[in-house]
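Undergrad: Residues 12 to 301 in the numbering used here are what the sequence shown spells out, letter by letter.
What follows is a structure written as structure tokens; I'll ask about it next.
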Amino acid sequence: MIGKKRPRLARTVAAVLATVLVVALYGFSEARRDPVVRRVTVIMPGGGYGPHGMRIALVSDIHVDNLAMPVSRLEHIVDLINAEHPDLVLLDGDFVNGTSEHDPAAHPASVIEPLSRLRAPLGVIGVIGNHDYLTGIPEVKAALREAGIPVLDDSAVRIGPIALAGLTETFATRTQFRQAMASARSLGGTPVIVAHAPDNVRWPAFDVPLYLTGHTHCGQIVVGPLSNWINLLDGKQNYDPRYRCGIVRDWGRITIVTGGLGTSHMPIRIGAPPDFWMIRLVGEKDRGWR
12 MIGKKRPRLA RTVAAVLATV LVVALYGFSE ARRDPVVRRV TVIMPGGGYG PHGMRIALVS
72 DIHVDNLAMP VSRLEHIVDL INAEHPDLVL LDGDFVNGTS EHDPAAHPAS VIEPLSRLRA
132 PLGVIGVIGN HDYLTGIPEV KAALREAGIP VLDDSAVRIG PIALAGLTET FATRTQFRQA
192 MASARSLGGT PVIVAHAPDN VRWPAFDVPL YLTGHTHCGQ IVVGPLSNWI NLLDGKQNYD
252 PRYRCGIVRD WGRITIVTGG LGTSHMPIRI GAPPDFWMIR LVGEKDRGWR
């Protein structure tokens with residue numbers, strides 16, 4: 012009897028291992044595919060966006076030198092972004108891999124050459140993400156500075172009709188948020204927030220019509236409704252599941268959550284392909300954009 016059970020057990024184990032291998036290979040292939048380019052037009056208060064609007068590329072979660080994001084793939088994605096001819100590129104944090112200070116998995120210098128080739132007439136601007144924060148903000152900032160990319164540290168910059176406020180990283184406090192918003196309001200224009208994570212999405216005042224964020228990887232591994240209440244990567248959920256992915260309209264505001272380009276923990280994606288957003292801002296008072 013025992014002898015008969017052993018071959019059956021061996022076949023079961025082999026079948027399970029084969030299934031795991033197939034799923035892993037599929038997930039790795041999905042993680043390495045060209046990103047989906049998601050598009051939306053957002054009507055903003057006031058005007059000044061011109062007849063064609065302002066085209067913003069929202070790019071997040073690069074995690075360079077993860078197995079899913081070798082430098083060669085990042086270089087290819089930069090070409091894809093440039094081919095969209097954005098007016099402005101927003102890099103929404105998590106440039107590096109790794110989870111601790113001086114983590115050998117973190118290679119901030121690897122982003123310098125690829126990201127320095129991004130082209131946008133209104134500029135390329137970055138904010139810091141949690142992996143950047145955990146592995147060493149100075150090194151990440153130095154790499155971005157060498158690539159010619161300024162970082163918004165709880166501060167703001169006026170770009171045409173908008174005042175773009177950037178939060179430092181995922182763990183921003185209300186004090187940091189107020190600092191960023193005060194900076195934005197001092198510049199005039201319509202405030203727009205770019206922050207790495209949707210954790211703080213309920214903080215903005217009602218005069219902030221647009222909140223741009225990433226961090227979630229759209230779940231990265233999405234398995235039916237289970238992914239609505241638990242992040243399968245780390246066994247917890249750090250944000251309202253409505254903000255896992257895509258466009259959310261509430262509180263008089265539009266929130267856009269990009270799934271990002273890379274991966275964390277494991278170099279696989281299932282049910283959540285890599286993406287970046289092309290967001291066209293148009294003014295409600297501008298003529299001709301329709």
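C-beta atoms are modelled at their ideal positions from N, C-alpha and C, and glycine is treated no differently.
(1) Just verifying my parser: in three-state terms, what is the DSSP assignment at Phe-106?
(2) What are the partner residues of Trp-288, as DSSP defines its beta bridges?
(3) Just to confirm my understanding: we take Ser-40, look at its own chain, exclude 5 residues before and 5 after, and list those with CB closer than 6 Å. What are they?
(4) Identify whether Arg-264 lies in helix, strand or coil by the three-state DSSP scheme.
(5) So Cys-229 and Gly-270 are in contact, right, with Cβ under 8 Å, and what is the actual spacing, rounded?
(6) Below 8 Å between beta carbons: does that hold for Gly-333 and Ala-117?
(7) Going straight from the alpha carbon of Tyr-144 to that of Arg-298, what length do you get?
(8) Any idea what DSSP makes of Ala-195, helix, strand or coil?
(9) Which one of Met-277, Leu-221 and Gly-282 has the shortest CA to CA distance from Arg-264?
(10) When burial is assigned at 16 or more other CB atoms within 10 Å of the CB, is Val-1 buried or exposed?
(11) For Leu-221, report the span of its beta strand (DSSP E) as first-last.
(12) Candidates Leu-36, Ala-26, Val-53 and Thr-30: which alpha carbon is nearest Val-203's?
(13) So, with DSSP's three-state summary, where would you put Ser-111?
(14) Just how far apart, CA to CA, sit Thr-23 and Thr-227?
(15) Taking 8 Å as the cut-off, decide whether the C-beta atoms of Thr-224 and Val-233 are in contact.
(16) Of the residues Ala-94, Ile-136 and Asn-141, which one's Cα is nearest the Cα of Pro-161?
(17) I need the DSSP call for Gly-246, collapsed to helix, strand or coil.
(18) Please determine, among Thr-179, His-276, Arg-196 and Pro-149, the residue with the shortest C-alpha to C-alpha distance to Tyr-78.
(19) How many Å lie between Ile-67 and Thr-30 at the Cα?
(20) May I ask which residues mark the beginning and end of the beta strand (DSSP E) holding Ile-136?
(21) Within the stretch 120-175, note down every full beta strand (DSSP E) run reaching 3 residues or more, in order along the chain.
(22) Which partner residues of Gly-294 appear in the DSSP bridge assignment?
(23) Since Gly-257 sits in a beta bridge, which residues does DSSP pair it with?
(24) Kindly give me the distance between the Cβ atoms of Gly-57 and Arg-291, rounded to whole angstroms, as I take these residues to be in contact under 8 Å.
(25) For Val-89, report the span of its alpha helix (DSSP H) as first-last.
(26) Starting from Pro-202, trace the beta strand (DSSP E) in both directions and tell me its first and last residue.
(27) Out of Ile-267, Leu-20, Leu-101 and Ala-94, which has the shortest C-alpha to C-alpha gap to Leu-175?
TA: Judging by the given coordinates:
(1) Reading the sequence shown from its first residue, position 95 is the one you call residue 106. Looking at Phe-106 - three-state DSSP - the assignment turns out to be coil, as it is neither helix nor strand.
(2) Taking the sequence shown and counting its residues from 1, the one referred to as residue 288 is at position 277. Its beta-bridge partners are Arg-49 and Leu-69.
(3) Your numbering for residue 40 matches position 29 in the sequence shown. Sequence-distant Cβ neighbours of Ser-40 in its own chain, meaning closer than 6 Å and more than five residues away, do not exist here.
(4) Locating residue 264 in the sequence shown gives position 253, counting from the first residue. Per DSSP, reduced to three states, the secondary structure at Arg-264 is strand.
(5) Along the sequence shown, read from residue 1 onward, the residue named residue 229 stands at position 218. Along the sequence shown, read from residue 1 onward, the residue named residue 270 stands at position 259. Separation of the CB atoms of Cys-229 and Gly-270 is rounded to 3 Å, and the pair is thereby assigned contact status at 8 Å.
(6) There is no way to answer for residue 333, as the model of the chain reaches only from 12 to 301.
(7) Taking the sequence shown and counting its residues from 1, the one referred to as residue 144 is at position 133. Taking the sequence shown and counting its residues from 1, the one referred to as residue 298 is at position 287. Rounded to whole angstroms, Tyr-144 to Arg-298 spans 43 Å at the Cα level.
(8) Counted from its first residue, the sequence shown places residue 195 at position 184. For Ala-195, the three-state secondary structure derived from DSSP is helix.
(9) Your numbering for residue 264 matches position 253 in the sequence shown. Answer by Cα proximity: Leu-221.
(10) The shown model of the chain, from 12 to 301, leaves out residue 1, and the question about it has no answer.
(11) Against the sequence shown, residue 221 aligns to sequence position 210. That run of the beta strand (DSSP E) goes 221-224.
(12) The residue you call residue 203 lines up with position 192 of the sequence shown. That would be Val-53, whose Cα lies nearest to the Cα of Val-203.
(13) Sequence index remark: in the sequence shown, residue 111 carries index 100 (1-based). In the three-state scheme derived from DSSP, where H, G and I count as helix and E and B as strand, Ser-111 is classed as coil.
(14) On the sequence shown, position 12 is the one that residue 23 refers to. On the sequence shown, position 216 is the one that residue 227 refers to. In a straight line, the C-alpha of Thr-23 is about 35 Å away from that of Thr-227.
(15) The residue you call residue 224 lines up with position 213 of the sequence shown. The residue you call residue 233 lines up with position 222 of the sequence shown. No. Outside cutoff.
(16) As a first step, residue 161 is located in the sequence shown; it is residue number 150 there, counting from the start. Taking each of Ala-94, Ile-136 and Asn-141 in turn and checking the Cα distance to Pro-161, the smallest one comes out for Ile-136.
(17) As a working note, residue 246 is residue 235 in the sequence shown. Note that Gly-246 scores a pLDDT of 48, beneath 50, so its modelled location is shaky and nothing firm can be said.
(18) Within the sequence shown, the letter at position 67 stands for residue 78. Note that residue 78 corresponds to Leu in the displayed sequence, not to Tyr. Closest in alpha carbon position to Leu-78, among Thr-179, His-276, Arg-196 and Pro-149, is His-276.
(19) Walking along the sequence shown from the start, residue 67 turns up at place 56. Walking along the sequence shown from the start, residue 30 turns up at place 19. The straight-line gap from Cα to Cα measures roughly 41 Å.
(20) Locating residue 136 in the sequence shown gives position 125, where the first residue counts as 1. Boundaries of the beta strand (DSSP E) harbouring Ile-136: 135-137, taken from the DSSP string.
(21) You should have 135-137 and 166-170.
(22) Sequence index remark: in the sequence shown, residue 294 carries index 283 (1-based). Secondary-structure assignment with DSSP links Gly-294 through a beta bridge to Met-55.
(23) Your numbering for residue 257 matches position 246 in the sequence shown. As a beta-bridge residue in DSSP terms, Gly-257 pairs with Val-268.
(24) Within the sequence shown, the letter at position 46 stands for residue 57. Within the sequence shown, the letter at position 280 stands for residue 291. Actually they do not touch by this definition, with Cβ atoms about 16 Å apart.
(25) The sequence position of residue 89 within the sequence shown is 78, counting from 1. Boundaries of the alpha helix (DSSP H) harbouring Val-89: 82-94, taken from the DSSP string.
(26) As a first step, residue 202 must be located in the sequence shown, where it is residue number 191. 201-205 is the span of the beta strand (DSSP E), which, as asked, contains Pro-202.
(27) Working through the sequence shown from its first residue, we reach residue 175 at position 164. Comparing alpha carbon positions, the residue from Ile-267, Leu-20, Leu-101 and Ala-94 closest to Leu-175 is Leu-101.
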